[in-house]
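Note sheet for the following structure.
2 protein chains.
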Amino acid sequence: MTTLDHLKSTAEPELEAYMLIRQISTVLETYHRYDLRSSGLTAPQFAILNLSTPEGVPLTLISHRMQCDNSNLTGIVDRLIGKGLVTRQADPNDRRVTLICLTPAGTELLRSLRPRYHASVKRRMQVLSHTQVHQLHDLLQALYQGLQSSDSVVDPSRNR
Amino acid sequence: MTTLDHLKSTAEPELEAYMLIRQISTVLETYHRYDLRSSGLTAPQFAILNLSTPEGVPLTLISHRMQCDNSNLTGIVDRLIGKGLVTRQADPNDRRVTLICLTPAGTELLRSLRPRYHASVKRRMQVLSHTQVHQLHDLLQALYQGLQSSDSVVDPSRNR
DNA sequence: GTGCTATAGTTCATATGCGAACATATGCAC
DNA sequence: GTGCATATGTTCGCATATGAACTATAGCAC
């Protein structure tokens with residue numbers, strides 16, 4: 078069984094909390110990938126689908142929400158287009174912008190996947206009580222906002 | 078500014094907590110990568126170094142602690158060997174096992190990096206109070222252990 | 001000891017992730 | 001309107017990540 082035993086003796090709660098966040102994130106991502114297998118989508122493909130709309134969303138907005146660089150999305154979008162789930166449309170108002178648009182097939186797939194996804198996440202988080210989930214949420218929110226506003230900010234989704 | 082605004086209205090604390098864990102993990106990993114830049118190491122390279130010893134650690138033990146597959150480590154170890162920071166040694170007791178051994182150069186590099194790493198993590202986590210860090214730690218620990226023991230376990234570091 | 005099963009590592013194909021460099025387009029100062 | 005700084009996407013080189021397939025070794029039942 079994988080554990081954090083080799084860290085427990087440090088008695089440094091900051092470090093342990095940090096390690097736990099990363100380990101939990103890894104575990105949850107593995108579950109997520111596993112859930113998606115039957116759909117033929119990878120996790121980042123699902124993430125892009127999930128942030129797209131039939132009307133179209135600028136690629137940069139998607140990359141900001143995914144906290145990644147635009148350059149990551151090019152190839153993933155290409156594969157989603159290959160599957161017929163999204164299209165690229167030029168933005169008439171700003172010729173630099175590419176809108177990522179859900180196709181009917183993409184919309185339909187999302188309609189079937191999203192509820193299962195939400196249910197999976199809720200089920201997994203419910204190893205904690207409702208109260209604990211709320212406490213955890215508030216602490217994470219505080220941490221996240223603190224990290225955003227700290228002076229050492231490095232924006233991973235900035236353009237270089 | 079990157080935010081979770083597009084999620085806030087869901088009022089589903091489980092889902093939001095889940096998203097926060099992943100977003101925070103991404104942000105922290107970005108900081109970590111940034112910290113390591115001057116050392117010429119990537120994050121996974123540092124992770125392997127950090128779990129190695131001069132006496133040697135089985136590769137599989139490292140992959141378990143990193144929650145990844147052995148196959149990921151082969152190439153990373155190759156690069157660390159190329160930098161002269163570790164070596165591969167055969168385990169005399171089990172000829173299947175490869176021990177990853179820190180070289181003197183690797184030991185020295187780690188001695189200089191580890192304190193900075195710990196200080197960085199502590200500094201970033203300290204946007205929360207000591208009490209909050211403790212609460213967060215305990216909740217994360219409970220979540221992590223709950224995830225481990227749930228019936229939907231998929232072990233990412235198992236051998237296939 | 002034979003055979004079956006499990007473990008340790010590597011290799012391969014494919015998909016991402018990162019960061020630099022680039023082309024295009026916008027916006028604004030002047 | 002020119003010039004310059006900025007924003008949007010793509011392309012490229014490299015390092016990882018995933019999962020399947022494969023080799024070698026170990027352990028155990030018999």
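The listed protein sequences derive, respectively, from chains A and L. Per the working numbering, the first sequence starts with residue 78, numbered consecutively. Per the working numbering, the second sequence starts with residue 78, numbered consecutively. All C-beta atoms in this analysis are idealised placements derived from N, C-alpha and C, irrespective of residue type, glycine included.
Is residue i helix, strand or coil by DSSP?
i               : result
Q166 of chain L : strand
L118 of chain L : coil
L97 of chain A  : helix
N159 of chain L : In the sequence as displayed, the identity of residue 159 of chain L is Gly instead of Asn. Here G159 of chain L sits in helix by DSSP.
E185 of chain L : helix
V154 of chain L : helix
L205 of chain L : coil
D171 of chain A : coil
A124 of chain A : helix
A89 of chain A  : The sequence given here places Glu at residue 89 of chain A; Ala does not occur at that position. Here E89 of chain A sits in coil by DSSP.
Q256 of chain L : Only positions 78 to 237 of chain L appear in the structure, and residue 256 of chain L is not among them; the question remains open.
Q218 of chain L : helix
D146 of chain L : coil
T107 of chain L : helix
Ignore the nearest five residues each way along the sequence and tell me which others in residue i's own chain have a CB closer than 8 Å to its CB.
i               : result
L179 of chain A : L126, S129, T130, P131, L162, V163 and L187
L205 of chain L : L213
E185 of chain A : none
R193 of chain L : D112
E106 of chain A : A120
P135 of chain A : D168, V174, T175, L176 and I177
Which residue or residues does DSSP assign as beta-bridge partners of residue i?
i               : result
T130 of chain L : L:C178
P192 of chain A : According to DSSP, which records beta bridges pairwise, P192 of chain A is partnered with nothing at all.
P135 of chain A : A:L176
Excluding sequence positions up to five away, which residues of its chain have a Cβ less than 7 Å from the Cβ of residue i?
i               : result
G223 of chain A : none
Q203 of chain L : none
Please return the same chain residues whose Cβ sits closer than 6 Å to the Cβ of residue i, not counting the five positions on each side in sequence.
i               : result
S197 of chain L : D112
Y95 of chain A  : none
What residues from the segment 136 to 169 of chain A come within 7 Å of chain L, judged by C-beta to C-beta, listed N to C?
H141, R142 and Q144
Taking a Cβ distance cut-off of 7 Å, strictly less, list which residues of the segment 187 to 198 of chain L are near chain A, in chain order.
H195 and V198
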